[in-house]
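Note sheet for the following structure.
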Amino acid sequence: MADLIEGVKLVGGLAGLTALGFKVYEELVGYLKVRVQVDSKDNIYSVQTEIENTSKWSRKKIENAFLIISPENSDLIETGVKIAKQLKLDYNIKSTNDFKKLTSEHPLYFDCQIGFIPLDFYYSENIAIGNEKLTYRCLVDKT
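Mapped onto our numbering, the consecutive letters of the sequence shown carry residue numbers 198 to 340.
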């Protein structure tokens with residue numbers, strides 16, 4: 198009976214250590230939460246973006262941030278390739294991870310359906326995001 202109780206304690210201890218390990222991993226490596234909200238008033242469109250770091254101990258650095266506006270059913274990789282061409286970047290895009298080099302100083306609109314809006318506030322105004330929630334609103338050219 199004593200061996201059974203010790204076994205249960207051991208399993209409980211291992212389960213507790215595993216849960217603690219996952220919580221520490223989540224705090225140190227967890228992703229940022231992103232929210233996007235579109236508003237329209239008097240035929241003027243704006244987009245409010247929000248980035249939140251819920252980690253209490255780990256600051257997150259953002260190296261690039263932007264909005265892509267395109268038709269809902271469009272292929273995002275193809276859209277990224279088109280944006281790179283418009284920005285005159287000689288850069289091969291095969292996945293969304295390759296979007297990290299898409300940068301512009303000004304919003305870019307083309308083909309009457311694609312928009313690329315840099316959100317440099319998140320990486321030029323902030324060195325790293327601590328346990329906080331940052332928001333930024335930008336206007337969208339509806340034409």
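Heads up, the beta-carbon is just placed ideally off N, CA and C, and yes, glycines get one too.
Taking C-alpha positions only, Lys339 is separated from Ser237 by approximately 10 Å. Counting C-beta atoms within 10 angstroms of its own C-beta, Tyr319 has 16 or more neighbours from the protein chains shown and is therefore classed as buried.
Within its own chain, the residues whose Cβ lies closer than 8 Å to the Cβ of Glu260, once the five positions on either side in sequence are excluded, are Lys297 and Tyr320, listed in chain order. Non-local beta-carbon contacts of Val235 in its own chain, meaning distances under 6 Å to residues more than five positions away in sequence, involve Val244 in chain order. According to the DSSP secondary-structure assignment, Tyr288 is paired through a beta bridge with no residue.
Judged by beta-carbon spacing, Ser267 lies beyond the 7 Å limit of Ile324, meaning their Cβ atoms are not closer than that value. For Glu247, the enclosing beta strand (DSSP E) starts and ends at Ile241 to Glu249. Less than 7 Å separates the beta-carbon of Leu229 from that of Lys257. CA-to-CA, the gap between Thr332 and Pro315 works out to about 14 Å. Partner residues in a beta bridge of Asp317, as assigned by DSSP, do not exist. With distances taken between CA atoms, Asn294 lies nearest to Ala262 out of Asp239, Ala262 and Val337.
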